[in-house]
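Residue numbers (the UniProt record's numbering), protein chains in the order written: chain F, 1 to 408; chain A, 1 to 305; chain Y, 1 to 327.
Ideal Cβ positions, reconstructed from N, Cα and C, are used throughout, including at glycine.
Here the structure comes first, spelled out in structure tokens, and everything after it is commentary.
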Amino acid sequence: MNFRTKLLAATAIVSASAASAVELEVTHWWTSGGEAAAVSKFADAWNATGNTWVDGAIAGSGGTARPIIISRILGGDPMAATQLNHGRQAEELIEAGLLLDLTDVAEAGGWRDIVNPSSLLDSCTLDGRIYCVPVNIHSAQWLWLSHDAYEKAGVAVPSDWNEFVASAPALEKAGVTPLAMGQQGWQQNLAFGAITIAVAGLDAWREVTVNKNADVARGPEYTAVFEAVASARELARESNVQDWNQATNMVITGTAGAQLMGDWAQGEFSVAQQVEGEDYSCLPGLGLNPILDTGGDAFYFPVNDDPEITAAQKELAALLISPEVQVSFNLAKGSLPVRGDIDMAAANGCMQKGLGILADGGVLPSGDQSLSADTQTQIEDLMAQFWSSDMPASEAQAKYADIIARAD
Amino acid sequence: MTVASDPPVQTVRKPNRMFKNKMAKIASIPMILTALCVFVGGTLWTVLHSFTGSRMLPKRDWVGLAQYERLWDSDRWIISVKNLALYGFFSLTFTLVVAFCLAACLDRKIRFENTFRTIFLYPFALSFVVTGLAWQWILNPQFGFQSVVRGWGWESFNFDPLNNPETVMFGLLIAGLWQGTGLIMCIMLAGLRGIDEDIWKAARVDGIGTVKTYVQVIIPMMRPVFITSLVLIASGIIKLYDLVVAQTNGGPGISSEVPAKYVINYMFQAQNLGQGFAASTMMLVSVVIILIPWAYLEFGGKKNG
Amino acid sequence: MADLNANAGVVPQGPKPKKRLSRGNIFLYGTLIVVSLYYLLPLYVMMVTSLKGMPEIRMGNVFGPPLEITYQPWVKAWSEACTGINCDGLSRGFWNSVWILVPSLVLSISIASVNGYALANWKFKGSETFFTVLIIGAFIPYQTMLYPLVIMLRESGDGITWLVSWMNPILEALGMEPFGRIRLMGSLSGLVIVHSIFGMPILTLLFRNYFASVPEELFKAARVDGAGFWTIYFKIMLPMALPIFVVAIILQVTGIWNDFLFGVIYTKPNIYPMTVQLNNIVNSVQGVKEYNVNMAATLLTGLVPLVIYFASGKLFVRGIAAGAVKG
Chain F
1 MNFRTKLLAA TAIVSASAAS AVELEVTHWW TSGGEAAAVS KFADAWNATG
51 NTWVDGAIAG SGGTARPIII SRILGGDPMA ATQLNHGRQA EELIEAGLLL
101 DLTDVAEAGG WRDIVNPSSL LDSCTLDGRI YCVPVNIHSA QWLWLSHDAY
151 EKAGVAVPSD WNEFVASAPA LEKAGVTPLA MGQQGWQQNL AFGAITIAVA
201 GLDAWREVTV NKNADVARGP EYTAVFEAVA SARELARESN VQDWNQATNM
251 VITGTAGAQL MGDWAQGEFS VAQQVEGEDY SCLPGLGLNP ILDTGGDAFY
301 FPVNDDPEIT AAQKELAALL ISPEVQVSFN LAKGSLPVRG DIDMAAANGC
351 MQKGLGILAD GGVLPSGDQS LSADTQTQIE DLMAQFWSSD MPASEAQAKY
401 ADIIARAD
Chain A
1 MTVASDPPVQ TVRKPNRMFK NKMAKIASIP MILTALCVFV GGTLWTVLHS
51 FTGSRMLPKR DWVGLAQYER LWDSDRWIIS VKNLALYGFF SLTFTLVVAF
101 CLAACLDRKI RFENTFRTIF LYPFALSFVV TGLAWQWILN PQFGFQSVVR
151 GWGWESFNFD PLNNPETVMF GLLIAGLWQG TGLIMCIMLA GLRGIDEDIW
201 KAARVDGIGT VKTYVQVIIP MMRPVFITSL VLIASGIIKL YDLVVAQTNG
251 GPGISSEVPA KYVINYMFQA QNLGQGFAAS TMMLVSVVII LIPWAYLEFG
301 GKKNG
Chain Y
1 MADLNANAGV VPQGPKPKKR LSRGNIFLYG TLIVVSLYYL LPLYVMMVTS
51 LKGMPEIRMG NVFGPPLEIT YQPWVKAWSE ACTGINCDGL SRGFWNSVWI
101 LVPSLVLSIS IASVNGYALA NWKFKGSETF FTVLIIGAFI PYQTMLYPLV
151 IMLRESGDGI TWLVSWMNPI LEALGMEPFG RIRLMGSLSG LVIVHSIFGM
201 PILTLLFRNY FASVPEELFK AARVDGAGFW TIYFKIMLPM ALPIFVVAII
251 LQVTGIWNDF LFGVIYTKPN IYPMTVQLNN IVNSVQGVKE YNVNMAATLL
301 TGLVPLVIYF ASGKLFVRGI AAGAVKG
């Protein structure tokens, strides 16, 4: 025991004295090459102010990084800033008084006026106070099409989801899997979400997802959705890859006609040196409804009892949303900026399409902001079950409506 | 039914109970603290919070048995429990048999023992995140084992365990055995090495065959080692998580879900701590139901005998 | 069991070195080699994948040898891969992992071997109950213990701060630095304790059952000679327990070296272990997945346990138990 106590005292002292004034430890889950390049834009900007960015990168958003972030905050020795998906995830931490109130920074910076769409700031807000800085926008409703596959099938590349479904028999005849789909719940749920907005329309979607109206979920609009998803399931029968990027690879190599995936699929196409418009096409909102959700990432700042660190945290918060940093970060990340007042001329074709939709106000809140993580997990389980079995559309719809009825 | 050393220990310790055991008690303080504070304390804390509606943070808003009702109403949990039973049975049997046979082979004074042992053991050293992917590829029908065999000319060969809900648990078993048998083999080997060379001489003098010696003499002598292996395998089975996440992520659909994955997903991904705690309490209760009678037989029985 | 059956007819003389290639021996080696193939297949897949470029991997021939061998993925995994803003690959966390491994290994194995010895040879009232609790503890998925443990470490850090605070006036009077706020969360010592806690159930079981099968005559003889608790432990039990120490080392080196979750939760970025970098290379959510670098990184991370497995081979000696008694 003696030995242990000594050891413990010795190391604890070392670690206590090692912390210096304006070193901010920042936790995030951007770790791949492109993401790392984007983070270093933040870090460079921060280091340029004379402070130090201590990088605590932990890959894997949901299951991996979150328990770590929460444990650190609960343990009374939190990081200075951390990435979290904005939305309902941080509500409880805010209620427990563990996150720093940024309202004064937001007012000084006029965030209300510059953040576009303003729903991003709403999801950082609880009881009128602002607790996070949105830094980028990712959207999920994209259909990626392989020109190569359509050449093989001898039909024109479709310009919306309905044309794609109509072209499926031709693809199958040419030995091409119409729809690539990774066999993971979140991917299947993503596809479901994208098809919902395209098929059921915005009003029904809002009624179910935002207002949790189970009757609408049982109604005819959603029957059409589940039938569309059931037919998509048939189109993806031959696709048995797991990772989303393996599915993207099927589109790249032309073994599949299309994939429903978020805008981050862009990265795989660029790495494979594919050219937008020549080798592949992207259809935001599946080409039907020019609407994108506004999921994305935000930074939160755990409460710290050192006033010097608190001041530095606020300084960092203001920096993350400043125009230059927003441009350089989002160009590196391939995501859309959170402010509408900056020039993104350097963005590529698909990003420009997304920017255009944002500028026209074609946004809807991300499911993250309306449904709790618990409800989302249950929907993912249901989708995983539905996509990989022969469950009839009506049964899936009934189960879905039950989940919505229970949702909080 | 008692551990080999029990009777003599009792005779030794009786006269010295007061003083000589003091050191043993002092030396056991870390163990006692761990058992009481961490395992008992942490478990009580978990059980307590399974009756709450805790979401992201542990809170004490009591909801009674609501979490348990929801748990047993969930398709995914029921499937998880069934999968664990299936996987557990086969994994336990195969690991014990394969590990013992390999250990016995290695114990026969063969050449390159070190090489063989390292080959059987190396999977244990590699993080499953990526080795799971390697197995995923090998078992993938389009570019893995099936396509190779078909390439040899056996066109009708079918081997696609991971995409069939009926067989996916066996697909996991192939990789699970690959990873887990090496360590058990080492424990068995250590046990075999602890057995006196003279036993073999005696058996040979009596004209008992090798297999018969193993089954009738060696295995009974290795009972404590088998118990260690059994606990190690069984605890690994209950905690089965990484393998599933890396290889199938519960798929196809939810047909390869397991209880530990349910617990972890609901605690951290769904941020419904109460639900996760309820599930882990159910797991713990079943472990206790199995272990307590066993512990009673193992430790308690000898006092009467 | 087929191999053993075959042996039975041919080599009835027990485990003796064979001078020639008998049919039984051919069978024995044949079996071992066939089984080795099953064990080596994934290693082969990982090796060839790590030597291929990404375009070749996209073609999807898992078993095919690389058409064009490239060592770039290995270089990248070790020293170039980005994990956040630091693009220096696995090399960044290597020494941190070593500094975590050594104290955790020593502490957990010392505690557990003494536990096992006390439980097997020095039973006291209640010892079996604590042991049963430990064994049940082995079955708890450790993720469910994360939050209780975080709270415990936080509180005991504060407790120790309070305990040592009485010394501060003395230290100040002596001109030495007083104890500041001691934290177990976010420090190496906290992590070492956590590793010792979670290693304890299985290791204790391992040692207890091993010591339980040691012939009791040895223990009795030593007691008659007046040897005490520690004398018997160091002089008799330790030397005899080499094979089981090897197993314990294998178990702990693997567990601690590959641990990721505890390493990030209970420490800080400056002492993050290598597995954090491995996770970051492998588990990127939305980024591009480079399978070749992933495979190389996994193999590199596994090297330390592998070297220890191989090096520990010599310690798998036959027990000297019975001989010692008779001699």
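**OP:** Could you give the DSSP three-state label for GLY296 (chain F): helix, strand or coil?
**Re:** Reading the first sequence from its first residue, position 296 is the one you call residue 296 (chain F). DSSP places GLY296 (chain F) in strand when its eight states are reduced to three.
Original post:
What residues match up with TYR280 (chain F) in a beta bridge as DSSP calls it?
Top reply: Locating residue 280 (chain F) in the first sequence gives position 280, counting from the first residue. According to DSSP, which records beta bridges pairwise, TYR280 (chain F) is partnered with F:SER146 and F:GLU276.
Subject >> Proximity below 8 angstroms, CB of ILE227 (chain A) to CB of ASN209 (chain Y) >> reply: Here residue 227 (chain A) is taken as the residue at index 227 of the second sequence, counted from 1. Here residue 209 (chain Y) is taken as the residue at index 209 of the third sequence, counted from 1. In contact: ILE227 (chain A) and ASN209 (chain Y) (Cβ atoms closer than 8 angstroms).
**OP:** Determine, using beta-carbon pairs with one atom in the stretch 138-156 of chain F and one in the stretch 245-262 of chain F, whether at least three such pairs fall under 8 angstroms.
**Re:** yes
Original post:
If we call anything under 8 angstroms between Cβ atoms a contact, is SER235 (chain A) one with THR46 (chain A)?
Top reply: Position 235 of the second sequence holds residue 235 (chain A). Position 46 of the second sequence holds residue 46 (chain A). Result no, Cβ atoms of SER235 (chain A) and THR46 (chain A) do not sit closer than 8 angstroms.
Original post:
Going by beta carbon distance, what residues of the same chain come within less than 8 angstroms of MET282 (chain A), once the five residues before and after it are set aside?
Top reply: Start at 1 with the first residue of the second sequence, and residue 282 (chain A) comes out as number 282. Closer than 8 angstroms at the Cβ level, and outside the excluded window around MET282 (chain A), lie TYR68, LEU71 and PRO259.
Original post:
Which residues in the same chain have their Cβ closer than 8 angstroms to the Cβ of THR223 (chain F), if we skip the five residues on either side of it in sequence?
Top reply: The count along the first sequence starts at 1 and reaches residue 223 (chain F) at position 223. The residues are ALA393, SER394 and GLN397.
Subject >> Backbone CA spacing between THR248 (chain F) and PRO337 (chain F) [nearest angstrom] >> reply: Against the first sequence, residue 248 (chain F) aligns to sequence position 248. Against the first sequence, residue 337 (chain F) aligns to sequence position 337. When rounded, the distance between both Cα atoms is 24 angstroms.
Subject >> Interface residues of chain Y facing ILE58 (chain F) [CB-CB closer than 8 angstroms] >> reply: Taking the first sequence and counting its residues from 1, the one referred to as residue 58 (chain F) is at position 58. Within chain Y, the residues near ILE58 (chain F) are VAL264, VAL276, ASN279 and ASN280.
Original post:
Out of curiosity, what's the CA-to-CA distance linking GLN10 (chain A) and GLY42 (chain A)?
Top reply: As a working note, residue 10 (chain A) is residue 10 in the second sequence. As a working note, residue 42 (chain A) is residue 42 in the second sequence. In this prediction, GLN10 (chain A) scores a pLDDT of 42, lower than 50, which makes its location untrustworthy; no coordinate-derived value is stated.
Subject >> Nearest-angstrom Cα separation, counted from ALA138 (chain Y) out to ALA24 (chain A) >> reply: On the second sequence, position 24 is the one that residue 24 (chain A) refers to. On the third sequence, position 138 is the one that residue 138 (chain Y) refers to. Near 23 angstroms, if we compare the C-alpha coordinates of ALA138 (chain Y) and ALA24 (chain A).
**OP:** Check TRP137 (chain A) in the structure and name its three-state DSSP category.
**Re:** The residue labelled residue 137 (chain A) in the question sits at position 137 within the second sequence. If DSSP states are grouped into helix, strand and coil, TRP137 (chain A) belongs with the helices.
**OP:** Using 10 angstroms around the beta-carbon of PRO30 (chain A), count the other beta-carbons present and answer buried if the total reaches 16, otherwise exposed.
**Re:** Residue numbering aside, residue 30 (chain A) sits at position 30 when the second sequence is read from its first letter. PRO30 (chain A) is buried by the Cβ-count criterion.
Original post:
Excluding sequence positions up to five away, which residues of its chain have a Cβ less than 6 angstroms from the Cβ of SER159 (chain F)?
Top reply: Position 159 of the first sequence, counted from the start, is the residue given in the question as residue 159 (chain F). Once the five neighbours on either side are set aside, the close Cβ partners of SER159 (chain F) are GLY287.
**OP:** Could you name the residues of the stretch 88-118 of chain Y whose beta carbon sits closer than 7 angstroms to any beta carbon of chain A, in the order they occur along the chain?
**Re:** ILE111, VAL114, ASN115 and ALA118
Subject >> Residue-level contact to chain Y via CB, GLY42 (chain A), 8 angstroms cutoff >> reply: By one-based count along the second sequence, residue 42 (chain A) stands at place 42. So yes, GLY42 (chain A) belongs to the interface.
Original post:
For ALA66 (chain A) and chain F, any beta-carbon pair shorter than 8 angstroms?
Top reply: For the purposes of this step, residue 66 (chain A) is identified with residue 66 of the second sequence, where counting begins at 1. No, its Cβ sits nowhere closer than 8 angstroms to a Cβ of chain F.
Subject >> Sub-8 angstroms separation of GLY109 (chain F) and ALA311 (chain F) beta-carbons >> reply: Counting from 1 along the first sequence, the entry for residue 109 (chain F) is found at position 109. Counting from 1 along the first sequence, the entry for residue 311 (chain F) is found at position 311. No, Cβ-Cβ distance for GLY109 (chain F) and ALA311 (chain F) is not below 8 angstroms.
**OP:** List the endpoints of the continuous alpha helix (DSSP H) containing ASP203 (chain F).
**Re:** Taking the first sequence and counting its residues from 1, one reaches residue 203 (chain F) at position 203. Where ASP203 (chain F) is concerned, the enclosing alpha helix (DSSP H) stretches over 185-209.
Original post:
Three-state secondary structure (DSSP) at ASN164 (chain A)?
Top reply: Start at 1 with the first residue of the second sequence, and residue 164 (chain A) comes out as number 164. Coil, per DSSP.
**OP:** Could you confirm whether any beta carbon from chain F is found closer than 8 angstroms to the beta carbon of GLN10 (chain A)?
**Re:** The residue given as residue 10 (chain A) occupies position 10 in the second sequence. Residue placement at GLN10 (chain A) is flagged as unreliable, the pLDDT there being 42, under the threshold of 50; a coordinate-derived value is accordingly withheld.
**OP:** Determine which residues share a DSSP beta bridge with ASN85 (chain F) and list them.
**Re:** Start at 1 with the first residue of the first sequence, and residue 85 (chain F) comes out as number 85. Bridge partners of ASN85 (chain F): F:ASP297.
**OP:** Label ARG181 (chain Y) either buried or exposed according to how many other C-beta atoms from any shown protein chain fall within 10 Å of its C-beta, with 16 as the threshold for buried.
**Re:** Counted from its first residue, the third sequence places residue 181 (chain Y) at position 181. ARG181 (chain Y) comes out exposed.
Original post:
How long is the line joining the alpha carbons of ILE57 (chain Y) and LEU44 (chain A), rounded to whole angstroms?
Top reply: Taking the third sequence and counting its residues from 1, one reaches residue 57 (chain Y) at position 57. Taking the second sequence and counting its residues from 1, one reaches residue 44 (chain A) at position 44. So the two alpha carbons sit approximately 50 angstroms from each other.
Subject >> Beta-carbon proximity check, LEU99 (chain F) vs TYR300 (chain F), cutoff 8 angstroms >> reply: On the first sequence, position 99 is the one that residue 99 (chain F) refers to. On the first sequence, position 300 is the one that residue 300 (chain F) refers to. Result yes, Cβ atoms of LEU99 (chain F) and TYR300 (chain F) sit closer than 8 angstroms.
**OP:** Spatial neighbours of GLU25 (chain F) within its chain, please: CB distance less than 7 angstroms, with the 5 preceding and 5 following residues excluded, ordered by chain position.
**Re:** Here residue 25 (chain F) refers to the residue found at position 25 of the first sequence. Here the set comprises VAL54, GLY56, MET79 and ALA80.
Original post:
What do you get for PRO273 (chain Y), buried or exposed, if any count of 16 or more other CB atoms within 10 angstroms of its CB means buried?
Top reply: Position 273 of the third sequence, counting from 1, holds the residue named residue 273 (chain Y). With 16 or more other Cβ atoms within 10 Å, it is buried.
**OP:** For ALA270 (chain A), go through chain F and note every residue whose CB falls closer than 7 angstroms to its CB, in chain order.
**Re:** Within the second sequence, residue 270 (chain A) is the residue found at index 270, counting from 1. By Cβ distance, chain F contributes ALA373, ASP374 and THR377.
Original post:
For PRO141 (chain A), which residues from the same chain have a beta carbon less than 6 angstroms from its beta carbon, with the 5 sequence-adjacent residues on both sides left out?
Top reply: Looking up residue 141 (chain A) in the second sequence gives position 141. Correct list, in chain order: ASP160.
Original post:
Quick one: does TYR309 (chain Y) have its CB under 8 angstroms from some CB of chain A?
Top reply: Along the third sequence, read from residue 1 onward, the residue named residue 309 (chain Y) stands at position 309. Answer yes: the Cβ-Cβ gap between TYR309 (chain Y) and chain A drops below 8 angstroms somewhere.
Subject >> For GLU179 (chain F), three-class secondary structure by DSSP >> reply: Indexing the first sequence from 1 puts residue 179 (chain F) at position 179. The residue asked about is misnamed: residue 179 (chain F) is Leu in this sequence, not Glu. Three-state result, LEU179 (chain F): strand.
Original post:
Going straight from the alpha carbon of ALA112 (chain Y) to that of GLY182 (chain A), what length do you get?
Top reply: Looking up residue 112 (chain Y) in the third sequence gives position 112. Looking up residue 182 (chain A) in the second sequence gives position 182. Taking the straight line joining both Cα atoms gives about 22 angstroms.
**OP:** Measure from the C-beta of PHE299 (chain A) to each C-beta in chain Y and report whether the shortest distance is under 8 angstroms.
**Re:** Reading the second sequence from its first residue, position 299 is the one you call residue 299 (chain A). So yes, PHE299 (chain A) belongs to the interface.
**OP:** Give the straight-line distance between the Cα atoms of ILE187 (chain A) and ILE244 (chain Y), rounded to the nearest whole angstrom.
**Re:** Translated into the one-based positions of the second sequence, residue 187 (chain A) becomes position 187. Translated into the one-based positions of the third sequence, residue 244 (chain Y) becomes position 244. Distance between the alpha carbons of ILE187 (chain A) and ILE244 (chain Y) is about 7 angstroms.
Original post:
Of all the CB atoms in chain F, is at least one closer than 8 angstroms to the CB of PRO252 (chain A)?
Top reply: For the purposes of this step, residue 252 (chain A) is identified with residue 252 of the second sequence, where counting begins at 1. At least one chain F Cβ lies under 8 angstroms of PRO252 (chain A).
Original post:
If we call anything under 8 angstroms between Cβ atoms a contact, is PHE229 (chain Y) one with ALA203 (chain A)?
Top reply: For the purposes of this step, residue 229 (chain Y) is taken as residue 229 along the third sequence, with counting starting at 1. For the purposes of this step, residue 203 (chain A) is taken as residue 203 along the second sequence, with counting starting at 1. It is not a contact, given that the beta carbons lie outside the stated cut-off.
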